[in-house]
Amino acid sequence: MVRIGTCGWNYLSPGQFLSDLPREKLLQSYARLFDTVEVNSTFYRLPRKTTPDFWRKQVNERRKDFEFTVKAPKLITHTHKFSPYADWAFESIKDVARKLQAKIILFQTSEYFVPSKENIQKLESFFTRINREDFILVLEVRWAEKWKKEIVFPLFKDLKLEQCIDPLRQDWFYAESTAYFRLHGFGRPMYNYAFSDAEIRRVYDLISSLDYKEIYVFFNNSNCYADALKLKGMM
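According to this note's numbering, the residues represented by the sequence shown are 696 to 930, in order.
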């Protein structure tokens with residue numbers, strides 16, 4: 696199954712894409728366009744305890760098959776760099792994911808988190824220490840050119856991690872059953888970008904060639920909604 700969406704929904708202008716505009720929440724309008732979204736506000740702060748239930752209820756009123764994925768707090772990946780001081784934050788993000796009925800939690804490292812012996816040991820310690828339950832854990836290492844294939848493949852396999860990449864920047868990735876892509880753009884700043892038809896076609900050709908149980912494609916650029924709909928229209 697291929698799911699296509701965006702990283703967040705707060706900047707959606709429903710009137711740009713929907714001809715009928717009933718009185719509904721912004722997330723509900725989003726759910727009429729896409730069947731998945733990456734919640735990346737959790738990278739910066741955890742929501743109120745009642746908010747995830749509210750989001751789930753909103754999308755259920757539009758479609759029961761809608762799927763959230765959740766981005767882990769930067770307190771884990773950036774502030775404490777996977778140390779035990781951040782373990783409580785993982786328990787908290789699991790609670791958010793449960794309420795959203797999400798099965799994927801995404802971790803994104805800092806670009807300064809290079810594959811040193813110390814950092815690799817931090818990853819090994821964290822991902823073997825935590826109770827992941829039945830969640831699929833996805834890791835995006837920035838920037839991946841520092842993380843060579845000979846490092847990533849055995850490490851991710853041992854830690855039972857799926858690798859997130861930008862498929863227009865990198866042509867290899869590690870995945871067991873779930874392919875997870877985030878497209879950031881090539882603007883200045885990076886996210887200020889609209890993908891060309893040729894670039895979106897490249898993404899389509901890639902995902903069409905893959906044979907994974909599940910494939911997720913999230914656009915994380917200023918033109919994300921239009922670009923995601925363009926890719927969706929090719930499927």
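All C-beta atoms in this analysis are idealised placements derived from N, C-alpha and C, irrespective of residue type, glycine included. In this text the structure is predicted, and so the values were computed from the model without any measurement.
One or two residues paired with Ala874 in a DSSP bridge: Ile910
Span separating the alpha-carbon of Ser872 from that of Tyr907: 5 Å
Segment contact flag, the region 845-857 with the region 877-896, C-beta cutoff 8 Å, min 3 pairs: no
Expected contact under 8 Å - CB spacing of Val765 and Thr737 to nearest Å: 6 Å
Cβ neighbour criterion (16 or more within 10 Å) applied to Trp750: Here Trp750 is buried: its Cβ has 16 or more other Cβ atoms, across all protein chains shown, within 10 Å.
Burial state of Trp704 (16 or more Cβ within 10 Å): buried
Contact between the region 785-794 and the region 719-732 (3+ Cβ pairs under 8 Å): no
Nearest candidate by alpha-carbon position, reference Asp829, set Gln816, Ala797, Ser820: Ala797
Paired residues, beta bridge with Glu857 - DSSP: Residue pairing by DSSP puts Glu857 in a beta bridge opposite Val833.
In DSSP terms, what Phe763 is bridged to: Paired residues: Val732.
C-alpha distance - Leu924 paired with Phe761, whole-angstrom precision: 16 Å
Exposure of Gly700, with buried meaning 16 or more beta-carbon neighbours within 10 Å: buried
Opening and closing residue of the beta strand (DSSP E) in which Phe802 lies: Segment 799-803, the beta strand (DSSP E) holding Phe802.
Alpha helix (DSSP H) segment containing Arg698, residue limits: From DSSP, Arg698 is part of no alpha helix (DSSP H) but of the beta strand (DSSP E) over 697-702.
Beta-carbon separation (whole angstroms), Leu801 vs Glu845, contact threshold 8 Å: That pair is no contact at about 24 Å.
Under the three-state DSSP convention, the category Pro884 falls into: In the structure shown, Pro884 adopts coil according to DSSP, grouped into three states.
Ala889 (DSSP reduced to helix, strand or coil): coil
Spatially closest choice to Tyr899 from Leu926, Pro849, Met885, by CA coordinates: Leu926
Under the three-state DSSP convention, the category Pro717 falls into: coil
For Glu894, the three-state DSSP class (helix, strand or coil): helix
Tyr899, DSSP secondary structure in three states: helix
Spatial neighbours of Asn814 in its chain, beta-carbon cut-off 7 Å, leaving aside the 5 residues before and after: Close CB contacts of Asn814 within its chain, under the 7 Å cut and outside five residues either way in sequence, are with Phe808 (chain order).
Per-residue burial, Glu806 [other beta carbons within 10 Å of its own, 16 or more giving buried]: exposed
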